[in-house]
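First comes the structure, then the notes that go with it.
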Amino acid sequence: MSGICGQVNFDGTPVDPQLLRKMTQAAIHRGPDGVHYSIQNHVGLAHLSVHTTPESVTEQQPIWSKNKKYCITADARIDNREELIKPLLTDGALSNPTPGDAELILASYQKWGTACPEKLVGDFAFAIWDIKKQQIFAARDRLGCRSFHYHHSDQKFSWATEPSQLLAKPNCPLQLNHHLILQDLALPGVGGRCDSYFDGIFKLAPGERLVVNRSGINKEVYWDFDPDKEIHYSDDRDYIDHFRELFTQAVKVRLRTYGSVALFMSSGLDSTPIAATAAQLHSATPGEIPKLQILHWTYGRTPNANEFLLAREVAAQTGLSYHEQNVDDFWPLYDYPQQFPLASEPFCSPAYGFYKGTINTLSKSQRPKVCMTGFSGDFLIGGPNPYYMQQFIKRGQIAKLARKIRSQAHLTGLPHRMGWYDYFIQPLYVQPLRAQLARLLGGYRQRLPKYINPDLAQCVNLWAWKQANTEHRIINLFGSAPQWTDPARNTRYRSITRHQNVRFRAWQDNCMAHLGAENWEPWDDIRLAEFVLAIPPEQLCRGLNQKLIIRQAMINHLPRKVLENRGLRTGGPDVRADMRQASAVVVNKLLLKPVSEQMGFITGSVLRQHFKEFVADNSHWGMNLWGALCLEAWLRKFIDRPA
0 MSGICGQVNF DGTPVDPQLL RKMTQAAIHR GPDGVHYSIQ NHVGLAHLSV HTTPESVTEQ
60 QPIWSKNKKY CITADARIDN REELIKPLLT DGALSNPTPG DAELILASYQ KWGTACPEKL
120 VGDFAFAIWD IKKQQIFAAR DRLGCRSFHY HHSDQKFSWA TEPSQLLAKP NCPLQLNHHL
180 ILQDLALPGV GGRCDSYFDG IFKLAPGERL VVNRSGINKE VYWDFDPDKE IHYSDDRDYI
240 DHFRELFTQA VKVRLRTYGS VALFMSSGLD STPIAATAAQ LHSATPGEIP KLQILHWTYG
300 RTPNANEFLL AREVAAQTGL SYHEQNVDDF WPLYDYPQQF PLASEPFCSP AYGFYKGTIN
360 TLSKSQRPKV CMTGFSGDFL IGGPNPYYMQ QFIKRGQIAK LARKIRSQAH LTGLPHRMGW
420 YDYFIQPLYV QPLRAQLARL LGGYRQRLPK YINPDLAQCV NLWAWKQANT EHRIINLFGS
480 APQWTDPARN TRYRSITRHQ NVRFRAWQDN CMAHLGAENW EPWDDIRLAE FVLAIPPEQL
540 CRGLNQKLII RQAMINHLPR KVLENRGLRT GGPDVRADMR QASAVVVNKL LLKPVSEQMG
600 FITGSVLRQH FKEFVADNSH WGMNLWGALC LEAWLRKFID RPA
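Under numbering that gives the first Met the number 0, the final residue of the sequence shown carries the number 642; numbering is consecutive throughout.
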C-alpha cells in the first residue's frame with residue numbers, strides 16, 4: 000500500500016523539510032509512483048504514492064480542501080464509495096463525482112467531523128490537519144489492515160505508516176520495548192495491542208481514532224463488533240445466499256484496480272473461493288476486471304504437502320492464468336541479511352521467502368499490483384467450534400448430543416468414544432481439573448521457554464503476565480467476554496480481533512509493499528465479518544465439520560474434490576526441513592554470539608542447545624524458536640543501521 004507521515008510542532012517552530020524527507024526515505028519502497036509534501040510553517044504532511052485504483056492515478060496527496068481549511072494524507076482504499084458520494088455531493092462537501100479515496104475521506108470529515116471513520120468501509124489509516132481547530136485527527140480501519148504509528152514529545156506530534164520512519168527523527172532515539180519483546184518470546188503475538196517495539200512509539204489499534212492538539216492526545220475506540228446483533232433465518236439457504244452475496248461484494252471491491260491481480264492459491268477453502276469468484280466477475284464484466292493470475296506453491300522436499308493436482312483443477316475450471324512455483328530455493332532466512340527481516344518489527348512469517356521468491360520470478364508484465372492470499376479465512380470462518388457440542392450439555396440435551404456425536408463419528412470415521420471424550424468428558428471434568436491444578440501449582444512458570452533470561456523475565460513480571468493470558472484460554476470453558484452471551488460467538492470474535500491476527504494483517508501489507516504490490520484481503524471485509532459474527536455458529540462449524548457456509552456457497556463454483564477436501568496440507572513440513580538443512584548455516588551464525596544475549600533477552604547456550612535438538616530429531620519446533628531467530632536477525636539489523 001502507499002505510505003504516510005508528517006509532523007505538527009504545536010510549539011510553533013517550523014517543520015524542517017529535511018526531517019520529512021528522512022521519514023519518507025525510511026519507507027521509500029512505499030512510494031514507487033512518487034513522494035509529495037505539503038509544508039506550511041509548523042505543519043508538514045507527506046505521502047508516498049503507489050497507483051492501484053483508477054482514481055489514484057490523478058490524485059496527488061497530500062490534498063487540501065477547496066476552502067483550504069483541511070489537509071489529508073491517507074493510506075486507504077474505500078469500498079462503500081457509492082453510498083458516500085451521493086450525500087456528500089448533495090451537501091456540497093464533495094464536488095468531484097469520481098473522487099479519489101483520500102478526497103472522499105476528507106469530504107466525509109467536512110460533513111461528519113470526527114465521526115467520519117464510522118461511515119467508512121475499507122482499509123485505511125489517515126491523518127487530517129484541521130487549521131481552524133489547530134488539531135490533527137487520525138483513524139485506523141476496523142480490522143487493522145493498515146497501520147498508524149505515532150510519537151509525541153516536547154509539543155511535537157509525528158505519525159507514520161512504519162515505525163522506521165519515526166526512528167529517522169533526531170528526537171526519537173532507538174530504545175527497545177523490552178517488555179513487549181519478552182512477551183513475544185513467551186506467547187508470540189499475544190501482547191502489544193497499542194505498543195510498538197520501541198519505547199515512545201505507539202500505534203492506533205483497529206477501530207481507534209485520535210485527536211491531537213496543544214492540550215495533548217485524546218484517543219478512543221470508535222467501533223467494535225455489536226454483540227447484540229444477530230441474524231436468524233428460517234431456511235438455511237438464506238444464510239448461504241446472504242453469505243455468497245457479501246463474499247462476492249468483498250472480492251469485487253478489491254478488483255477495483257487497473258493493474259494485474261495475483262491470487263496466491265492453495266487447494267483449501269480460503270483461497271480457492273476467491274479465485275472462483277474473481278473469475279466469475281471477470282466473465283460477467285469483461286473489460287472491467289483486471290488481468291488475474293493464480294500463483295501456486297509446490298514443495299520438492301516434502302511432496303506429501305503438494306496440492307497442485309487440485310489447484311490445477313481449480314485453474315482449469317476458472318480459466319485463469321496459472322503459475323506453479325517450486326519454493327525449495329526460497330527457504331526461510333534465504334536472503335538474510337539483505338532484506339530479512341523487515342524493518343518495522345521482529346515478527347516475520349516463514350513464508351516471506353515464498354512470497355518474495357515467487358513474485359521475483361515473474362516477468363515485468365506479470366508482476367502484480369494487487370495480491371490476495373486468502374489467509375484471513377481461517378480467522379473468520381475456520382477452526383473447530385467445541386461450543387457447538389457443549390451447548391447441548393448446558394441445556395441438558397444429552398440425547399441430542401448423542402445423536403450429534405454419532406453423526407460426527409460417521410463423518411470423520413473416528414470412534415464414538417473419542418467424540419464422547421472430546422465433547423462430554425473433557426469439557427465437564429478434564430478442563431476444569433486442569434484449571435484448578437494450574438491455580439494450585441502457581442500458574443505456568445514452567446511453560447516459559449527455557450532460553451528466556453530468567454532475571455529479566457522476573458524484572459518485568461513476565462510469569463504473572465503469561466499466567467493471566469494462559470489461564471484465560473484454559474479456565475473460561477463456558478465463559479466469555481462480558482458483552483458476549485454466546486461462548487461460540489465470543490470464540491469467533493477473539494479469533495478475528497486477537498493481536499496476533501491483527502499483526503499478521505499489518506505484516507502482509509508491509510511484506511507486499513516491499514515487493515511492489517498491495518495486499519487486499521477479501522476475508523478482511525468488515526461487512527462479511529459482521530455477518531459471520533451475527534449468524535448462528537452452527538452455520539459455520541458443526542463439531543469437526545468446518546467452514547460449512549463456504550462449502551455450501553461454492554457448490555457448482557468449485558470442483559467437488561476441493562469442496563470435499565478436509566485434509567490439512569501445509570508447507571509446515573517443508574519449512575521445518577529447510578530450518579534443519581538450508582537455513583541451518585545462517586541460524587548457527589546468528590546463534591554464535593547472539594546480540595539478543597548481549598542485550599539480556601535470552602541465554603545463548605540454552606537457545607543453541609534448543610536448536611541443536613530440533614535439528615537432531617525435529618523436536619521443540621514452534622513459533623517460539625522462530626520468534627527468537629527473527630528477534631536476533633532484527634536486532635542485528637538495527638544495531639548496524641546507519642545513524
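Here a beta-carbon is modelled for each residue, glycine too, at the ideal position from N, C-alpha and C.
Those residues which DSSP pairs with residue i across a bridge
i, result
"Leu47", "Gly2 and Val34"
"Trp158", "Gly5 and Tyr149"
"Tyr69", "Asp129"
"Thr297", "Asn325"
"Asp122", "Arg76"
"Val42", "Val7 and Gln39"
"Cys370", "Ala261 and Asn518"
"Leu209", "Ala137 and Lys218"
"Ile358", "Paired residue(s): none; Ile358 is not in a bridge."
"Ile424", "Looking at the DSSP assignment, Ile424 forms no beta bridge with any residue, so it has no partner."
"Ser320", "Gln292"
Length of the line joining the Cα atoms of residue i and residue j
i, j, result
"Glu54", "Asn217", "33 Å"
"Phe263", "Lys363", "18 Å"
"Gly442", "Ile397", "At Gly442, the pLDDT of 48 sits below 50, so the modelled position is not reliable; the number obtained from the coordinates is stated separately. For Gly442 and Ile397, the distance between alpha carbons rounds to 34 Å."
"Gln608", "Tyr108", "56 Å"
"Ala101", "Lys393", "50 Å"
"Val585", "Arg253", "38 Å"
"Pro367", "Tyr298", "23 Å"
"Asn518", "Pro13", "36 Å"
"Asn95", "Lys65", "11 Å"
"Pro169", "Gln17", "11 Å"
"Arg502", "Gln59", "29 Å"
"Leu291", "Val369", "10 Å"
"Gln425", "Ser375", "29 Å"
"Tyr36", "Arg300", "49 Å"
"Leu93", "Tyr149", "29 Å"
"Gly267", "Ala528", "19 Å"
Cβ-based burial, residue i [other Cβ within 10 Å; buried from 16]
i, result
"Thr317", "buried"
"Thr89", "exposed"
"Glu207", "buried"
"Ser233", "exposed"
"Cys115", "buried"
"Tyr238", "buried"
"Ser265", "buried"
"His556", "buried"
"Gly352", "buried"
"Val56", "exposed"
"Gly11", "exposed"
"Leu591", "exposed"
"Ser259", "buried"
"Gly286", "exposed"
Under 7 Å between C-beta atoms of residue i and residue j
i, j, result
"Ala73", "Pro521", "no"
"Gly91", "Ala45", "no"
"Asn176", "Phe197", "yes"
"Ala167", "Lys67", "no"
"Ala533", "Glu244", "no"
"Asn587", "Pro448", "no"
"Pro226", "Trp483", "yes"
"Tyr321", "Ile293", "yes"
"Phe147", "Leu83", "no"
"Pro414", "Ala487", "no"
"Ala25", "Ser163", "yes"
"Phe339", "Gln154", "no"
Own chain, CB closer than 6 Å to residue i, minus 5 neighbours either side, in chain order
i, result
"Leu634", "Val594 and Ser595"
"Trp63", "Cys70"
"Asp524", "Ala249"
"Gly373", "Asp269, Ser270 and Ile273"
"Gly43", "Gly5, Gln6, Val14 and Leu19"
"Val210", "Gln134, Phe136 and Asn217"
"Pro481", "Only weak support exists for where Pro481 lies, its pLDDT of 40 falling under 50; the value from the coordinates is given anyway. So no residue of the chain qualifies."
"Arg145", "Asp74, Asp122, Phe123 and Ala124"
Own chain, CB closer than 7 Å to residue i, minus 5 neighbours either side, in chain order
i, result
"Trp111", "Lys118"
"Lys251", "Leu280"
"Thr97", "Glu54"
Check: residue i C-beta below 6 Å from any heavy atom of the ligand COA
i, result
"Arg402", "Among the ligands in the structure shown, none appear at all, so the ligand COA cannot be discussed."
Own chain, CB closer than 8 Å to residue i, minus 5 neighbours either side, in chain order
i, result
"Phe600", "His177, Ile180, Leu181, Leu184, Ile451, Asn452, Leu455 and Leu630"
"Gly356", "Gln324, Val326, Asp328, Phe329 and Tyr333"
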